[in-house]
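Before any comments, here is the structure.
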Ligand code: DSN
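Residue numbers (the working numbering): 1 to 433.
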């Protein structure tokens with residue numbers, strides 16, 4: 001193995017153990033299909049900023065008000081990231097310090113609520129996120145969460161159901177009088193319209209938070225409606241459809257800016273990760289370019305083609321299809337005995353990386369599940385289009401049907417490798433080969 005031509009620079013020869021693992025992971029990411037809906041391939045510029053000397057600097061506080069000296073340059077970096085985030089989403093205020101989506105959500109709760117206050121959010125088993133009040137999350141220990149879900153599935157192809165049940169949201173809002181309503185999800189394949197959430201929040205005098213972790217890039221690219229202007233606080237991660245570094249951010253009004261900022265620092269975090277903030281600035285600028293709108297549209301078109309082709313393979317999709325970058329597959333339609341865990345593991349053997357996921361009213365545990373979640377954001381970045389999505393659906397069907405046949409799996413694995421080789425996410429960068 002050599003540092004020459006590697007994406008990681010000359011240091012590779014100084015720590016062969018770590019270098020070997022990074023190159024191995026580069027090989028894995030580029031020779032297998034990345035279909036985890038919350039992942040993407042960042043640009044080389046984002047990688048470079050993340051690996052920069054900015055990681056050396058302590059900068060607790062905010063631009064112009066730091067607790068350490070030597071922050072002249074860092075202040076410019078963070079200001080640039082904040083201004084770019086505001087411009088990209090049309091927001092009055094941006095906080096770019098959250099280390100993750102979970103930190104961003106916790107900060108929003110801390111800014112808007114007192115311990116014990118009631119929050120109305122999507123249940124984890126219906127598509128919500130852990131930080132939307134799952135019993136396993138600290139959020140449910142500090143605040144009182146009430147969960148809404150999706151409408152029942154239906155056999156009517158024109159109205160397949162499993163979409164957010166706004167009647168339930170309104171009824172629960174009226175009966176429970178939450179101080180905050182949370183819109184947003186982690187496993188939901190449809191557009192989340194912020195407007196009805198705003199109306200319901202206004203009817204009961206609640207704050208509205210929109211967790212845009214998954215659709216942030218689709219919103220930035222104009223493929224999905226923006227919650228800015230509807231929600232009091234918008235939280236998001238920067239590494240999913242937005243294609244930035246692994247991190248989080250918050251958008252809000254000038255009125256709530258101080259509360260949100262104080263909730264992040266000193267409320268929840270210490271020193272910000274300014275190398276990641278620089279990488280976020282890079283990603284915000286990339287997402288403001290016209291080609292990013294084309295990318296967002298392609299992600300959705302690819303997901304729709306993928307959904308239709310998975311249907312042809314005999315796989316039922318939760319809600320009957322998709323409007324965004326992901327599909328949720330109900331494996332019970334294919335084989336009642338096939339669990340999400342078993343399907344994920346056999347797809348891994350074929351080089352198809354995805355994650356098992358609960359589906360609405362799943363009879364199995366979150367560790368086993370009856371569903372799979374698959375996303376198109378990463379392979380669209382690599383340049384794949386609708387024809388490749390149809391091909392991948394066919395490879396998934398072959399894998400699931402041939403799950404007990406090592407030869408069938410080996411054949412799919414070879415085809416996956418050839419497909420990945422034709423769509424390198426980092427052209428010009430080589431791993432171990
Ligand atoms: N774990 C993320 C996802 O996969 O959607 C959410 O935090």
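Backbone N, C-alpha and C define an ideal beta-carbon position, used for all residues, glycine too.
{"Item": "Sub-7 Å separation of residue 222 and residue 293 beta-carbons", "Value": "yes"}
{"Item": "Length of the line joining the Cα atoms of residue 2 and residue 360", "Value": "Residue confidence is low: residue 2 scores 44 on pLDDT, short of 50, so the model does not pin down where it sits. Its coordinate-derived value is still stated next. Near 48 Å, if we compare the C-alpha coordinates of residue 360 and residue 2."}
{"Item": "Same chain, Cβ closer than 8 Å to residue 173, neighbours up to 5 away in sequence not counted", "Value": "120, 181, 200, 201, 203, 204, 206"}
{"Item": "Of the listed residues 27, 162, 130, 65, nearest to residue 329 (C-alpha basis)", "Value": "162"}
{"Item": "The alpha helix (DSSP H) enclosing residue 282, as first and last residue numbers", "Value": "274 to 287"}
{"Item": "Beta carbon nearer than 5 Å to a non-hydrogen atom of the ligand DSN", "Value": "38, 186"}
{"Item": "The segment 271 to 288 / the segment 231 to 249 touching (three or more Cβ pairs under 8 Å)", "Value": "yes"}
{"Item": "Close beta carbons around residue 283, own chain, < 8 Å, minus the five adjacent residues each side", "Value": "42, 43, 46, 238, 242, 243, 244, 245"}
{"Item": "Beta-carbon separation (whole angstroms), residue 30 vs residue 311, contact threshold 8 Å", "Value": "Going by Cβ atoms, the distance from residue 30 to residue 311 rounds to 29 Å, so no, they are not a contact pair."}
{"Item": "Reference residue 306, options 290, 256, 388, closest by Cα", "Value": "388"}
{"Item": "Residues bridged to residue 228 [DSSP beta-bridge criterion]", "Value": "231"}
{"Item": "Inter-residue CB distance, residue 354 and residue 372 (contact presumed, cutoff 8 Å)", "Value": "6 Å"}
{"Item": "Neighbourhood of residue 362 by C-beta distance below 8 Å, restricted to the same chain and skipping five residues each side", "Value": "125, 369, 370, 371"}
{"Item": "Rounded C-alpha distance that separates residue 116 from residue 345", "Value": "40 Å"}
{"Item": "Of the listed residues 49, 50, 165, 94, nearest to residue 122 (C-alpha basis)", "Value": "165"}
{"Item": "Burial state of residue 240 (16 or more Cβ within 10 Å)", "Value": "buried"}
{"Item": "Where residue 167 falls, given that 16 or more other Cβ within 10 Å makes a residue buried", "Value": "exposed"}
{"Item": "Three or more C-beta pairs below 8 Å linking the segment 253 to 260 and the segment 105 to 116", "Value": "yes"}
{"Item": "Burial state of residue 103 (16 or more Cβ within 10 Å)", "Value": "buried"}
{"Item": "Proximity below 7 Å, CB of residue 415 to CB of residue 302", "Value": "no"}
{"Item": "Of the residues 420, 254, 24, the one placed nearest residue 91, counting alpha carbons only", "Value": "254"}
{"Item": "Exposed unless 16 or more other CB atoms sit within 10 angstroms - verdict on residue 68", "Value": "exposed"}
{"Item": "Residues bridged to residue 34 (per DSSP)", "Value": "353"}
{"Item": "Closest by C-alpha distance to residue 55, when choosing among 36, 77, 40, 408", "Value": "77"}
{"Item": "Neighbourhood of residue 28 by C-beta, 7 Å cutoff - its chain only, sequence neighbours within 5 removed", "Value": "none"}
{"Item": "DSSP beta-bridge partners of residue 93", "Value": "252"}
{"Item": "Residues sharing a beta bridge with residue 181, DSSP", "Value": "120, 208"}
{"Item": "Beta carbon of residue 298 nearer than 7 Å to that of residue 380", "Value": "yes"}
{"Item": "Expected contact under 8 Å - CB spacing of residue 74 and residue 57 to nearest Å", "Value": "5 Å"}
{"Item": "CA-to-CA distance, residue 108 to residue 251, given in whole angstroms", "Value": "10 Å"}
{"Item": "Rounded distance between the beta-carbons of residue 186 and residue 224, thought under 8 Å", "Value": "Not confirmed; about 15 Å, so no contact."}
{"Item": "Nearest to residue 170 (by Cα), restricted to the options 88, 192, 198, 190", "Value": "198"}
{"Item": "Straight-line Cα distance separating residue 320 from residue 158", "Value": "9 Å"}
{"Item": "Nearest candidate by alpha-carbon position, reference residue 412, set 424, 220, 314, 349", "Value": "349"}
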